[in-house]
Amino acid sequence: MALNRVLTILLILGSYLVSPAQQSATYTNELVDYQKALSLYNNQQYAAAQTLFKQVGSSAETPTLKSDCAFYIANCAIRLNQQNADTLMENFVEDYPTSTKRNTAFVDVAEYYFVNGKYAYAKKWYDKVDENSLARTELEKFNFNNGYVAFTTKDYKSAKTHLNRVENSKKYGAQAKYYIGYMAYEGDDYEQANTYFDQVSDQEKYQEKLSYYQADLNFKLGKFENAIKLAKEQLPKSDRNEISELNKIIGESYFNLEQYDQALPYLKAYNGKRGKWSNTDYYQLGYAYYKQKDYENAVAEFSKIIGGSDAVSQNAYYHLGESYVHLGKKQEALNAFRNASQMDYDLKIQEDAWLNYAKISYDIGNPYQSVPQVLNGYLEQYPNTAYKAEIETLLIDSYITSKNYKEALELLEGKNSFENKKAYQKVAFYRGIELYNDGDYQNAKAFFEKSLNEQITPVYTAKAIFWKAETDYNLSDYQQALIGFKQFKQIDEAAATPEMTNIDYNLAYTYFKQKNYTQAITLFNQYIAARKEDKVRLNDAYLRLGDVNFVSSKYKTAIDAYTEAIKINKVGADYAFFQRAMSIGYAGRSNKKITELEAFIGRFPKSTLRDDALYELGNSLVKASRNDEALSTYNQLHNEYPASTFVPKAMLRQGLVHYNSGGNAQALTKFKQVAEQFSSTPEANQAVSTVRLIYIDLGRVDEYAAWVKTLDYVEVTDADLDNATFEAAEKKYVDGQADAAIRQFNGYLNEFPKGLHALQAHFYLAQLYFKKDLKDNALPHYIFVVDAASSEFTEEALMRASQIQLEKKHWEAAIPLLERLEVQASFPQNVVFSQSNLMKANYQLEHYKNAVSYAEKVLQQNSIDKKIQSDAHLIIARSAIKTGDQAKAKQAYQEVEKTATGEAAAEALYYKAYFQHQSNDFKASNSTVQDLAKNYSGYKYYSAKGLVIMAKNHYQLGDAFQATYILESVIENFKDFEDVVDQAQEELTEIKNEQAKTNRSVQPED
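Note that full-length UniProt numbering gives residue 891 to position 891 of the sequence shown, counting from 1, and the numbers run on in steps of one.
In structure tokens form, the structure reads like this:
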């Protein structure tokens, strides 16, 4: 050591010796200080060394000493990790290009960074080295270090270049071969990797790592038995992360050898890459379970494959569908097969998936498209399939079972095979029923006629004839209705249909509407004799039988019929009681009539006929010469029902009582009140005429002339012309000459806008326009009648005017008309009409409290149509949803479900599923959505909303595949419903972000 040090000093001193003559004390001191700095540097005291080198360099007199100081100053800066270290070294190289330390500087700095593991920095300096100036021993080290640096920085091309130069080196060869083998392994060149790894397999330092790589290499080379052997040998020696990868190698090797039972424990023991599995990982474990017929676990793994779009995913979804089928989960299987059928990586799997998708769609319904579309799609895709006959049979039947009649008809149009025509007849019939139930009678009739054009199945021919007749009846075409009902009754196949049950009832009603009372009586009696079980319809039959006998003046028979209706005590008991009282009167039993009317007034305090009864009671009391009681009764009518159409009639009667008893002054007062308060009504006209007679009797004609001038609707001189003009128009109306009547009534009103018969003219014109479906023309005439004083036309005008406003969706205009109708209606059906439409109009205007109030009024009615009952519950339910009262909404939707059809039923089922989801009853909620999809697929909005609920249910049940697939399908297939698509996208993003935490094949979404 001492000798080496002396030699070093001599060498250093030699480089600075100039000549003895030139040496000075200063120069000698510089060499001493330089030597001290070098000693500090060699002892790794870089800060002190750098300071001393700076001092020596600043005063150095020779270039060599100055350059050496600059070299060591830069070297110290590198070792001290100073920010300007690289700059100092670069400055040294630039300032002293001829320095012998230039190349040494590059190598020295690079090796410093290399030793300290800063390979990117080391590479920068190795790249500056001139390899040609390096000695052979230095060159080996340079190539290995440079190769290793490139390896660690993943510059494999450069790494291979340098490492290949030393692969036969005694010192570096084994390490070089290991790294070359590893790079081949990473580059999927498994043969080369195996070759290099074999060459270093005897090196103890590499054996542990090589066992894993060689196991993996054998797996990747398809040598699965070797892979299993090597991996199992390595398991006991490995750390936690490597154990996971070795389990994967073993499990997947067994999987590829189709030894699925052996694969299972190893595949399960895999922890994934950085704790995350891929879709392929889930597929392999799922398939291993599937092959063991462990379908529950197979589903659990397959269903974690989200958003897959490759051959593995297609295979997984197909087997997921099969697993669901084995578990009896057909709705879930439908989605899995549908997904597999939409991928074409394996055409055989695609076709099989399509077939299964089509069959299950037929079996349980399809929420994405109609079942006929699915089946047709399969046949179009695979026209030569071996299952063609089977699918065609299902297709025909699906047109009926899908209940999506509108879409089915579109698919059947133009298809002329016998089976298609047979299906068309049924589907057109059911589409007609659907429209009939929605109150769209014109379009319903068109579909019944289309059904009748294909008279293939006799029972559907019979049913279509019956329902076309029903539609004609509702359209007031009673002659056509009668023809249809008669034809239906004569068809043999009709006998076994439900429609035959009430055919006599329908015929009786039709004759009744045609005023053919003899036939109506016969048929009502036939129906009553045969049908005793349907109390509601039996009750109505007795009422109508009473009415027909009443108008036929067969009062005793009418009394018997009304009495039977009263006994049944269903809807219309008040009407039956009132009509019986009237019949008793017409039968000549005046006192009994009075008693009956008084009993009616006491028994039915809320009846819409109570004002009728008060008026009739007053009239009967007048006939019985009980004038004071009569006058009191008329006053009661006026006080309790000021808006009743009977008020002007009662007041006129009061005037006549006074007039007939000589009370002219009192009579004049009453008559003038009628004339002034109820202008243009028949009562007003009669009052004016009677006032004229009284004044003539009193000889005070001038007073009459003065008074009558105050009435703007009476022009005495034009009265005859007024009457004649009106009577001419009225005759055309009675004779059914609608166009001529319209012209003449308009002519009358143009000539006498405030004429004696203006009210009747406006009403008749409105009715004529309404019947011709010119409702905009009818409306102002109905409004005139409504705005005039109450009359016999007011109720009908209120009903028709409100109906027109409702059809135009003018809710605010309809409401006051309906409110008046509710109060003034004499007919129960008009009360129900007003209340049911008030609830709808208030709901449309977001007056939810009022809407619910009217809905509850409707439900209090004794007997109402199921459609109206369903609408009432629906309004209550919707209003409750809008106001956040979920408990009330749930109860109301349960009621809707009992009676609803069509869209209302679809809505009720959706909310049933919604509330089941809210209660965490996810399986029941899914069953409800399946019901919705199967039976109401035509109502796409609720189908889409139901699917979102189903997706949420599946996610809560741990089935991420079903959840994401359903949501993606909603987004793709229901773009018309933006609110539903937005909700689906929100749910999908949340689920995918959550799944991305454990599945590296799933990309999180923003």
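We treat Cβ as the ideally placed atom computed from N, Cα and C, and that holds for glycine.
Asked	Found
Straight-line gap, glycine 958 to asparagine 384 (C-alpha atoms, nearest Å)	40 angstroms
Status (buried if at least 16 other CB within 10 Å, exposed otherwise) for serine 969	buried
First and last residue of the uninterrupted alpha helix (DSSP H) at residue 1008	Here the chain has residues from 1 to 1006 only, and residue 1008 is not among them.
Residue from Ser278, Leu756, Lys273 and Tyr848 whose Cα sits closest to the Cα of serine 1001	Ser278
Unbroken alpha helix (DSSP H) run spanning serine 620, endpoints	610-623
Beta-carbon spacing of alanine 906, serine 870 below 9 angstroms	no
Contact check, serine 834 vs leucine 845, beta carbons under 9 angstroms	no
Rounded Cβ spacing between tyrosine 460 and glutamine 425 (contact assumed at less than 8 angstroms)	5 angstroms
Cα-Cα separation between leucine 334 and glycine 377, rounded to whole angstroms	15 angstroms
9 angstroms Cβ cutoff met for alanine 159 and phenylalanine 961	no
With 16 other Cβ atoms within 10 Å as the buried cut-off, status of arginine 743	exposed
Contact the region 223-241 vs the region 252-259: 3+ CB pairs below 8 angstroms	yes
Collapsed DSSP secondary structure at asparagine 862 in the structure displayed	coil
When Gln805, Tyr914, Asn862 and Asn850 are compared against threonine 883, the one with the closest alpha-carbon	Asn850
Extent of the continuous alpha helix (DSSP H) run through proline 372	371-381
Lysine 809 versus Lys840, Val786 and Ala825, residue with shortest Cα-Cα distance	Lys840
Glutamate 242, enclosing alpha helix (DSSP H) - first and last residue	240-256
Three-state class that DSSP yields for isoleucine 9 in the structure shown	Low confidence applies here, because isoleucine 9 scores a pLDDT of 38, under 50, leaving its location unreliable and the question unanswered by this model.
Any 3 or more C-beta pairs closer than 8 angstroms across the region 667-685 and the region 747-759	yes
Cβ neighbours of tyrosine 723 in the same chain (closer than 8 angstroms, five flanking residues each side left out)	Here residue 723 is asparagine; the residue named in the question, tyrosine, does not match the sequence. Result list for asparagine 723: Leu756 and His757, in chain order.
Helix, strand or coil at lysine 276 according to DSSP, with G and I counted as helix	strand
Helix, strand or coil at asparagine 168 [DSSP, three-state]	coil
Contacts around threonine 280, its chain only, beta-carbon distance under 7 angstroms, and the 5 residues preceding and following it disregarded	Val312
Three-state class that DSSP yields for asparagine 416 in the structure shown	coil
Lysine 934: first and last residue of the uninterrupted alpha helix (DSSP H) it sits in	922-935
Reference tyrosine 630; option with closest CA among Glu640, Asn639, Ala643 and Glu616	The amino acid occupying residue 630 in the given sequence is alanine; tyrosine does not appear at that position. Of the listed residues, the one whose Cα sits closest to alanine 630 is Glu616.
Rounded C-alpha distance that separates alanine 877 from phenylalanine 770	34 angstroms
Coil, strand or helix - asparagine 993 by DSSP	helix
Chain-order list of residues whose beta-carbon lies under 6 angstroms from that of serine 99 (same chain, five-residue window excluded)	Ser67
Own chain partners of lysine 54 with C-beta closer than 7 angstroms, once the 5 adjacent residues on each side are dropped	Ile73
Simplified DSSP assignment, three categories, for asparagine 384	coil
Where serine 24 falls, given that 16 or more other Cβ within 10 Å makes a residue buried	Residue placement at serine 24 cannot be trusted, given a pLDDT of 49 that sits under 50; what the coordinates show is reported in the next sentence. Looking at its Cβ environment, which holds fewer than 16 other Cβ atoms inside 10 Å, serine 24 is exposed.
Secondary structure, alpha helix (DSSP H): runs of 4+ residues fully inside the region 257-329	260-269, 279-291, 295-302 and 311-326
Residue(s) in a DSSP beta bridge with tyrosine 999	Just to set this straight, residue 999 is asparagine in the shown sequence, not tyrosine. The partner list for asparagine 999 (beta bridge, DSSP) reads Trp277.
Euclidean distance between Cα positions of valine 18 and lysine 124	With a pLDDT of 42 at valine 18, under the threshold of 50, the modelled position of this residue cannot be trusted; read the value that follows with caution. The alpha-carbon atoms of valine 18 and lysine 124 are separated by roughly 38 angstroms.
Pairwise C-alpha distance: serine 309 and threonine 964	14 angstroms
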